[in-house]
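Asker:
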DNA sequence: AGCATCAACGTAAACGTTTACGTTGATGGA
DNA sequence: TCCATCAACGTAAACGTTTACGTTGATGCT
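Protein chains in written order, with the UniProt record's numbering: chain W, 1 to 328; chain H, 1 to 328.
#1: Alpha carbons only, please: which of H/128, H/57, H/204, H/274 is nearest the one belonging to residue 117 of chain H?
#2: According to DSSP, what are the bridge partners of residue 74 of chain W?
#3: Could you give the distance in angstroms between the alpha-carbon of residue 254 of chain W and the alpha-carbon of residue 227 of chain H?
#4: Are the beta-carbon atoms belonging to residue 252 of chain H and residue 217 of chain H less than 8 Å from one another?
#5: So which of H/207, H/289, H/247 has the shortest CA-CA distance to residue 168 of chain H?
#6: Starting from the beta carbon of residue 276 of chain W, find every residue of chain H whose beta carbon is closer than 7 Å, and list them in chain order.
#7: Do we get a CB-CB distance below 8 Å when we pair residue 296 of chain W with the residues of chain H?
#8: Along the chain, where does the alpha helix (DSSP H) containing residue 139 of chain W start, and where does it finish?
#9: If we define contact as Cβ-Cβ less than 8 Å, is residue 75 of chain H a contact residue for chain W?
#10: What does the Cβ neighbour count give for residue 180 of chain H, buried or exposed, with the cut at 16 atoms within 10 Å?
#11: From residue 156 of chain W to residue 318 of chain W, what does the alpha carbon distance come to, in whole angstroms?
#12: Which residue comes first and which comes last in the beta strand (DSSP E) that contains residue 318 of chain W?
#13: Looking at C-alpha atoms only, which residue of H/289, H/12, H/293 is the closest neighbour of residue 122 of chain H?
#14: Between which two residues does the alpha helix (DSSP H) carrying residue 105 of chain H extend?
#15: Extract the residue ranges of the alpha helix (DSSP H) inside the UniProt domain "HTH lacI-type" (2-56) of chain W, only unbroken runs of 4 or more that lie entirely within it.
#16: Using the Cα positions of residue 48 of chain H and residue 305 of chain W, report the straight-line distance between them to the nearest angstrom.
#17: Spell out whether any CB of chain W is found under 8 Å from the CB atom of residue 259 of chain H.
#18: Given a limit of 9 Å on CB to CB distance, which residues of the stretch 12-25 of chain H reach chain W?
#19: Rounded to whole angstroms, how far is the Cβ of residue 64 of chain H from the Cβ of residue 36 of chain H, which I believe are closer than 8 Å?
#20: Near residue 209 of chain H, what residues of its chain come up, given a Cβ to Cβ distance below 7 Å and the 5 sequence neighbours on each side ignored?
#21: What's the gap between the Cα of residue 239 of chain H and the Cα of residue 261 of chain H?
#22: Rounding to the nearest angstrom, what Cα-Cα distance links residue 45 of chain H and residue 2 of chain H in this structure?
#23: Roughly how far, in whole angstroms, is the beta-carbon of residue 51 of chain H from the beta-carbon of residue 110 of chain W, given that I think they are within contact range, below 8 Å?
#24: Determine the direct distance from the alpha carbon of residue 267 of chain H to that of residue 279 of chain W, and round the result to whole angstroms.
#25: Applying the criterion that 16 or more other CB atoms from any shown protein chain within 10 Å of the CB defines a buried residue, is residue 302 of chain H buried or exposed?
#26: Say whether chain W places a C-beta atom closer than 8 Å to the C-beta of residue 96 of chain H.
#27: Among W/77, W/62, W/134, which residue has its Cα nearest to the Cα of residue 295 of chain W?
#28: Would you be able to state if there are at least three C-beta pairs under 8 Å between the stretch 142-160 of chain W and the stretch 307-318 of chain W?
#29: Could you check whether residue 126 of chain H and residue 275 of chain H sit closer than 8 Å to each other, using their CB atoms as the reference points?
#30: Of the residues W/182, W/244, W/242, W/256, which one's Cα is nearest the Cα of residue 229 of chain W?
#31: How many Å lie between residue 307 of chain W and residue 139 of chain W at the Cα?
#32: With distances taken from CA atoms, which of H/4, H/300, H/187, H/5 is nearest residue 153 of chain H?
#33: What does a CB cutoff of less than 6 Å around residue 119 of chain H pick up in its chain, not counting 5 residues either side in sequence?
#34: Can the beta-carbon of residue 297 of chain H be found closer than 8 Å to that of residue 327 of chain H?
#35: Using a Cβ cut-off of 8 Å (strictly closer), state whether residue 132 of chain H contacts chain W.
#36: In chain W, what lies closer than 9 Å to residue 221 of chain H by C-beta?
Next comes the structure, spelled out in structure tokens:
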């Protein structure tokens, strides 16, 4: 590959001068700039950012670690990140941490070795080892749609009050037997808090909650199908359900239809996330939304200002919002 | 940041020895290996891949350029790429090319400057300038879900026969008035060929096609809504529609329902892509599928073998497949 | 004429690795 | 005892930039 040296000898100047014009730093005549630029074009020269980064010890790269399952909001969050990253002249390098973040430590190490200047970890819960590792990193880290209990800054919505608001919304619309579908009871970030919010809402409205109304599971479509079947078999059947994801909500809605129930007349359902499927569902799905694009964008903003200023990043709770559609 | 030099002086050996143990190259005693490794751990040393890449002139990075709209298959294609990339010790760096690939050239230049060893461009159609630029690149490039007419290798399904098969499928199921919704008539890659396939299928079965049955548009949900309304107003109303994307198909299905038509009884619909929404639709959407994950995976495989062997990459037509569900 | 100033360059060190090549001391065999 | 061999290192150059510092010649001013 051609180097700066090649274009220097071609034009009969020093490499310093070439470097100067390539970076618009001034200190050269208009004539030589033209000579250099045309020479560079001629031999198809691309500057070597690895070398430049090494010298400047700044690679202008932001790392992104994602969970392995490409959920529907995957694209939005990446897009949010990449948009403001590239606006600030950063590139983003992406890795998957394996099923439930197994090789997260390796991913973090890789990012450190690549000398990223900031790191985003999305939707993965960290164990103690990783939290320790992150504490000792030389660059800022921010969590997105997940949190930490050891001071690593995060950006997320408040799952508990979001769940509270969702079930309250159902209650306000006249439902008294509301169920929750899909929470993972091991998940202290997106599982338990949502159940807690659900419970609290029921309690605050003096509504009893039967244990069968809490149907744990995953965020998947299938999980919704399974939950709905379980609900259907109950003597005291719920008349509304709060699903932990849009996919799960769709599972609920579809099997409700299969079982002869009409949404929202016989059973109302509210989703969680507001992914693109929500508006495409039939009936369109009412949801509490997480602003994924904005989360990604905010994360990069925080990182870049932290990089520039050296200040620590503050966590931020983004506000969720209920999008009213047709499913309740 | 600590360097190899720091751990060398800490342990009283030369940087060469440190480098050797860090790369398991042999030529050192077990004792010094342990000393070096513990020293490295102690000062939180991460090797600098930028420096190593510079020296070895191999960055082990694969570039990925994506369209700006985060479609539903976005995640699958990225996941396919990243999975086999990381398996081969490559990192992937991702960029968006702006609305319909406006700054594609800049993206490609950026990739070249970052010294990626292979480049994937997904779902963006290239103009002549970019094709020229790509021809002169020093590393292999492969297109995914798009194609080129100047010899740049691509991986995609055959849009025309896929469209042919989709409409034939509808015809075989007893439909005679089948329409097509959403094709972009400017799009020579995913627009025109699909219309051609549709037309050919109709022709081969001696079915007339009315001009209003071809409702051009975009790949969006809204496009489906609009198309369905248009179809509904027709005197000779279609009894089946082939939609150019799953989103569009959903738009068709939903507004069909709103207009009092039942799917598939009054109107059948077949989608295109087989994104995650297809199985979650109600009724579940019959589609012709594009194997997005596999496309990404294949792309990286081709790149890595091209990188290792220096051979040129051959284009490949992946076979589509019809997933029968409930919408026809 | 003499001097300062400045535009327009050139020189060379440095960034943190990798690696070809050289060195050393111990070991074994004849 | 002498030599070859080899494990276990060390030396130093190189990768392609950036940049502090130095140089040169022209220009303007007094």
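Positions of the beta carbon are idealized from the N, C-alpha and C atoms, including for glycine.
No experiment lies behind these values; they were computed from the predicted model shown.
Answerer: By the coordinates alone:
#1: Within the second chain, residue 117 of chain H is the residue found at index 117, counting from 1. Looking at the Cα atoms, H/57 is the closest of the given residues.
#2: Your numbering for residue 74 of chain W matches position 74 in the first chain. Answer by DSSP bridge pairing: none, since residue 74 of chain W is not bridged.
#3: In the first chain, residue 254 of chain W corresponds to position 254, counting from 1. In the second chain, residue 227 of chain H corresponds to position 227, counting from 1. In a straight line, the C-alpha of residue 254 of chain W is about 25 Å away from that of residue 227 of chain H.
#4: Mapped onto the second chain, residue 252 of chain H falls at position 252. Mapped onto the second chain, residue 217 of chain H falls at position 217. The answer is no: Cβ separation not under 8 Å.
#5: Here the question's residue 168 of chain H lines up with position 168 in the second chain. Closest option to residue 168 of chain H, Cα to Cα, is H/207.
#6: As a working note, residue 276 of chain W is residue 276 in the first chain. Those within 7 Å of residue 276 of chain W in chain H are 72.
#7: The sequence position of residue 296 of chain W within the first chain is 296, counting from 1. No - not a single Cβ of chain H is within 8 Å of the one on residue 296 of chain W.
#8: For the purposes of this step, residue 139 of chain W is taken as the residue at position 139 of the first chain. Counting along the chain, residue 139 of chain W falls outside any alpha helix (DSSP H), and DSSP gives it neither H nor E.
#9: Position 75 of the second chain holds residue 75 of chain H. With its beta carbon less than 8 Å from one in chain W, residue 75 of chain H belongs to the interface.
#10: One-based indexing of the second chain puts residue 180 of chain H at position 180. Answer is buried; the Cβ neighbour count reaches 16.
#11: Mapped onto the first chain, residue 156 of chain W falls at position 156. Mapped onto the first chain, residue 318 of chain W falls at position 318. Between residue 156 of chain W and residue 318 of chain W, the alpha-carbon positions lie close to 6 Å from each other.
#12: In the first chain, the residue the question calls residue 318 of chain W occupies position 318. Looking at the DSSP string, the run of the beta strand (DSSP E) that includes residue 318 of chain W is 316-318.
#13: Taking the first residue of the second chain as position 1, residue 122 of chain H is located at position 122. Comparing C-alpha distances from residue 122 of chain H to each of H/289, H/12, H/293 shows the shortest one belongs to H/293.
#14: Position 105 of the second chain, counted from the first residue, corresponds to residue 105 of chain H. Its alpha helix (DSSP H) spans residues 104-113.
#15: 4-11, 15-22, 30-42, 49-56
#16: On the second chain, residue 48 of chain H is found 48 positions in, with the first residue counted as 1. On the first chain, residue 305 of chain W is found 305 positions in, with the first residue counted as 1. Cα-Cα distance, rounded: 24 Å.
#17: The count along the second chain starts at 1 and reaches residue 259 of chain H at position 259. No, residue 259 of chain H lies away from the interface with chain W (no Cβ there is under 8 Å from its Cβ).
#18: none
#19: Position 64 of the second chain, counted from the first residue, corresponds to residue 64 of chain H. Position 36 of the second chain, counted from the first residue, corresponds to residue 36 of chain H. With a Cβ gap of about 36 Å, residue 64 of chain H and residue 36 of chain H do not count as contacting.
#20: Numbered from its first residue, the second chain carries residue 209 of chain H at position 209. Result list for residue 209 of chain H: 199, 202, in chain order.
#21: Counted from its first residue, the second chain places residue 239 of chain H at position 239. Counted from its first residue, the second chain places residue 261 of chain H at position 261. Residue 239 of chain H and residue 261 of chain H: Cα-Cα distance of roughly 10 Å.
#22: Along the second chain, one-based indexing puts residue 45 of chain H at 45. Along the second chain, one-based indexing puts residue 2 of chain H at 2. Between residue 45 of chain H and residue 2 of chain H, the C-alpha separation is close to 6 Å.
#23: Here the question's residue 51 of chain H lines up with position 51 in the second chain. Here the question's residue 110 of chain W lines up with position 110 in the first chain. Going by Cβ atoms, the distance from residue 51 of chain H to residue 110 of chain W rounds to 15 Å, so no, they are not a contact pair.
#24: Taking the first chain and counting its residues from 1, the one referred to as residue 279 of chain W is at position 279. Taking the second chain and counting its residues from 1, the one referred to as residue 267 of chain H is at position 267. Taking the straight line joining both Cα atoms gives about 21 Å.
#25: Stepping through the second chain from its first residue, residue 302 of chain H is reached at position 302. Answer is buried; the Cβ neighbour count reaches 16.
#26: Taking the second chain and counting its residues from 1, the one referred to as residue 96 of chain H is at position 96. Interface residue, yes.
#27: As a first step, residue 295 of chain W must be located in the first chain, where it is residue number 295. It is W/77 whose Cα lies nearest to the Cα of residue 295 of chain W.
#28: yes
#29: Counting from 1 along the second chain, the entry for residue 275 of chain H is found at position 275. Counting from 1 along the second chain, the entry for residue 126 of chain H is found at position 126. In this structure, the beta-carbon distance from residue 275 of chain H to residue 126 of chain H does not fall below 8 Å.
#30: Counting from 1 along the first chain, the entry for residue 229 of chain W is found at position 229. Nearest to residue 229 of chain W by alpha-carbon distance, out of W/182, W/244, W/242, W/256, is W/256.
#31: Counted from its first residue, the first chain places residue 307 of chain W at position 307. Counted from its first residue, the first chain places residue 139 of chain W at position 139. Using only the alpha carbons, I get a separation of about 8 Å.
#32: Numbered from its first residue, the second chain carries residue 153 of chain H at position 153. Of H/4, H/300, H/187, H/5, the residue nearest in Cα terms is H/300.
#33: Position 119 of the second chain holds residue 119 of chain H. So the list reads 63, 111, 141, once near-sequence residues are dropped.
#34: Here residue 297 of chain H corresponds to residue number 297 of the second chain, with the count starting at 1. Here residue 327 of chain H corresponds to residue number 327 of the second chain, with the count starting at 1. It is not a contact, given that the beta carbons lie outside the stated cut-off.
#35: One-based indexing of the second chain puts residue 132 of chain H at position 132. Not closer than 8 Å to any Cβ of chain W, the Cβ of residue 132 of chain H fails to qualify, so no.
#36: Residue mapping note: residue 221 of chain H aligns to position 221 of the second chain, counting from 1. Neighbours of residue 221 of chain H on chain W, chain order: 276, 279, 280.
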